[in-house]
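Residue numbers (my numbering), protein chains in the order written: chain A, 55 to 324; chain B, 3 to 306. By construction, the Cβ of each residue, glycine as well, lies at the ideal position given by its N, Cα and C atoms.
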Amino acid sequence: MDTELRVARGMRFGAWYVAEYRIRQMTKWLGAIITVSFGNPIIYLLAIGIGVGSLVDANTGGEGVNGVSYITFLAPALLATAAIQAAMDETSFPTLEGFVWDKSFFGMNSTQLTGGQIVDGIMIAAFVRAFLTSATYLIVLWAFGAISLSAMPLLFVVASFAGMAFGALMLAATSFVKEDDGFFAIVARFVVAPMFLFSGTFYPLEQMPIFLQWIGWISPLWHSTNFARAISFGLEVPGWLMIVHVAFLAVSLVAGVLIARRQFISRLLK
Amino acid sequence: MIVAKGLRKTYGEFVAVDGIDFQVKQGEAFGLLGPNGAGKSTTMRMIASTSMRSAGELEILGKDPNTHGPEIRAHLGVVPQQDNLDRELKVWENLYIYGRYFGLGRKFMKNKIEELIEFAQLEEKRNAKTEDLSGGMKRRLTIARALVNEPDILMLDEPTTGLDPQARHVLWDRLFRLKEQGVTLVITTHYMDEAEQLCDRLVVMDKGRIMAEGSPAELIKQYSSKEVLEVRFGSSQNQEAAKQIEGLGDRTEVLPDRILIYSENGEKILEKIVKLGLSPITSLVRRSSLEDVFLRLTGRSLVD
Chain A
55 MDTELRVARG MRFGAWYVAE YRIRQMTKWL GAIITVSFGN PIIYLLAIGI
105 GVGSLVDANT GGEGVNGVSY ITFLAPALLA TAAIQAAMDE TSFPTLEGFV
155 WDKSFFGMNS TQLTGGQIVD GIMIAAFVRA FLTSATYLIV LWAFGAISLS
205 AMPLLFVVAS FAGMAFGALM LAATSFVKED DGFFAIVARF VVAPMFLFSG
255 TFYPLEQMPI FLQWIGWISP LWHSTNFARA ISFGLEVPGW LMIVHVAFLA
305 VSLVAGVLIA RRQFISRLLK
Chain B
3 MIVAKGLRKT YGEFVAVDGI DFQVKQGEAF GLLGPNGAGK STTMRMIAST
53 SMRSAGELEI LGKDPNTHGP EIRAHLGVVP QQDNLDRELK VWENLYIYGR
103 YFGLGRKFMK NKIEELIEFA QLEEKRNAKT EDLSGGMKRR LTIARALVNE
153 PDILMLDEPT TGLDPQARHV LWDRLFRLKE QGVTLVITTH YMDEAEQLCD
203 RLVVMDKGRI MAEGSPAELI KQYSSKEVLE VRFGSSQNQE AAKQIEGLGD
253 RTEVLPDRIL IYSENGEKIL EKIVKLGLSP ITSLVRRSSL EDVFLRLTGR
303 SLVD
């Protein structure tokens, strides 16, 4: 092959080669990934959607929450959570692995790949993962009658977008971690758990005391969940708020990627 | 291929490389020799275009690594001090993925993988996970991986550190083959024998500076004598004996455990020592090595 041509091609498509590598690694865990993708929604829908849901529906005199049955109310939140979790898996652990555990990023960086391309490649792989997870989740939700077929495409876009936004923030945060002294435990307990519990996941955000509502306002999960509810069962959300939801996710995504690119480059070229 | 002038690297107050000059020509095996912390690896990283220099000039393959890093790296093969293979991928997958990073096509890689597996003598481990390989095998795979893009310069940072003698010899044999094929090699090492075996020309580094430069034979000729006599009197009597021996040879080095006497003929010096009425516990006459050059230049031995 012509060398100059090869070099030019490598420089142009670097991010895709990184993504190809990440996806190849994912295939090593394909069984586990598929099991979790189907198992997780089924467990949640059975335990909370149906279990808690029957209690809620019985006590609201058939009105449900936001005017729909509890499982319908819950479904968009679970979907967004799953996409976020999937993207997080792809951006957090692999990043620490690449910088600290097996130092594979340094190996990549000694080829023509740049730190920026590595970030982009990880994001592409995270998208693939969020995409697959959202797709399986949607199928299960539909099978449970929690969403309509016509809402599926848009819900799919919102969920993947939410995953990418949170994934980008995680990637940026992890790129500063020097070693794993409990970083992931802290993130799981003090970021992911409160986000899951206080983002209007199980009940409308407005039902919480005002001094706790801010958690929802800064949480990609609430912004995506609220948006998804508008799509799924026509929750009334003012137009300006819909714009805020999209803008919040877009800013998270862009800021996360830009910070991560910068930090990757400076960490790899010290 | 490589031109460095006044090359310098600092990390805050710490000066890792303190203004060095050197050149590497095509097809040459060039060595950076020195103890840990001499600045060898930092120099290597600057050549590999993965570390920005703080001052001075550096040109690799006619380009400036600070502005053309990716273009230069496209033509380099890098073997880092610490293997950074992907532990979960198989041997062949590690080669494949690395080739893809360089933008190499799938078809090209298919043949290349088999060629490199043969070169690394890993035919039987083709489908093994990398984490199941021995240290020597991992090292050979890392070298094979660095050859995937048919590099103009192959850079090896401490290629045999931590390997057993047999694995080292297998590795040297592979590197010799590359040298015969005309690949330009840049090697860092703190092993004398390795530098003598592999390098056409080398620089001796200490504390970020270059102490001497030349071929192994030239350096030995310039900074040492033909032969060295090593005598031991036991740690308590070394100092005492050294006073009497002083002046018998061209030069004497007193180490904690032994005395080195440099001369053209070691046996003759030993005879003189015996005539003085001294009886060393052990004595050994050997040829001068780069170790002696280093001792002379820095007053310290290379492997602490």
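With 16 or more other CB atoms across the displayed protein chains lying within 10 angstroms of its CB, tryptophan 94 (chain B) is buried. Along the stretch 171-194 of chain B, none of the residues has a CB nearer than 9 Å to a CB of chain A. Contacts with chain A at 7 Å (Cβ-Cβ) include alanine 50 (chain B). Where glycine 39 (chain B) is concerned, there is no enclosing beta strand (DSSP E), because DSSP gives it neither an H nor an E. Taken through DSSP and simplified to helix, strand or coil, lysine 92 (chain B) comes out as strand. Taking 9 Å as the cut-off between beta carbons, the residues of the stretch 103-136 of chain B near chain A are Tyr103, Phe104, Gly105, Leu106, Gly107, Phe110, in sequence order.
Contact of valine 80 (chain B) with chain A is assigned, a C-beta pair being separated by under 7 Å. In this structure, A:Phe215 is the residue among A:Met249, A:Ser158, A:Phe215, A:Ala197 with its C-alpha nearest to the C-alpha of phenylalanine 185 (chain A). By the Cβ neighbour-count rule, phenylalanine 16 (chain B) is exposed, with fewer than 16 other Cβ atoms within 10 Å of its own.
At a cut-off of 7 Å, the C-beta of glutamine 166 (chain A) has a neighbouring C-beta in chain B. The alpha-carbon of phenylalanine 287 (chain A) is positioned some 9 Å away from that of asparagine 120 (chain A). Taking C-beta separations shorter than 7 Å and ignoring five residues to either side along the sequence, the partners of methionine 206 (chain A) in its chain run Leu192, Trp196, following chain order. Annotation: leucine 278 (chain B) to alanine 31 (chain B) spans about 46 Å, alpha carbon to alpha carbon. Scanning its chain for C-beta atoms nearer than 8 Å, with the 5 sequence neighbours on each side dropped, one finds around leucine 87 (chain B) the residues Asn96, Thr132, Lys140, Leu143, Thr144, Arg147, in chain order. Here alanine 200 (chain A) really is in contact with threonine 126 (chain A); their C-beta atoms are around 6 Å apart, less than 8 Å. In the structure shown, the three-state DSSP call for leucine 124 (chain B) is coil. Distances from the alpha-carbon of asparagine 68 (chain B) to those of B:Ser53, B:Leu78, B:Ala76 put B:Ser53 closest.
For aspartate 20 (chain B), the enclosing beta strand (DSSP E) covers residues 16-26. Closest in alpha carbon position to methionine 207 (chain B), among B:Ser265, B:Arg288, B:Thr12, B:Asp23, is B:Asp23. According to the DSSP assignment, alanine 141 (chain A) belongs to the alpha helix (DSSP H) that extends over 124-145. For valine 61 (chain A), at least one C-beta of chain B is nearer than 7 Å to its own C-beta. Rounded to the nearest whole angstrom, the C-alpha separation of tyrosine 103 (chain B) and proline 148 (chain A) is 17 Å. For glycine 138 (chain B), the enclosing alpha helix (DSSP H) starts and ends at 137-148. Here DSSP, grouped into helix, strand and coil, assigns arginine 183 (chain A) to helix. The CB of tyrosine 100 (chain B) comes closer than 8 Å to the CB of Gly161, Thr165 in chain A, given here in chain order.
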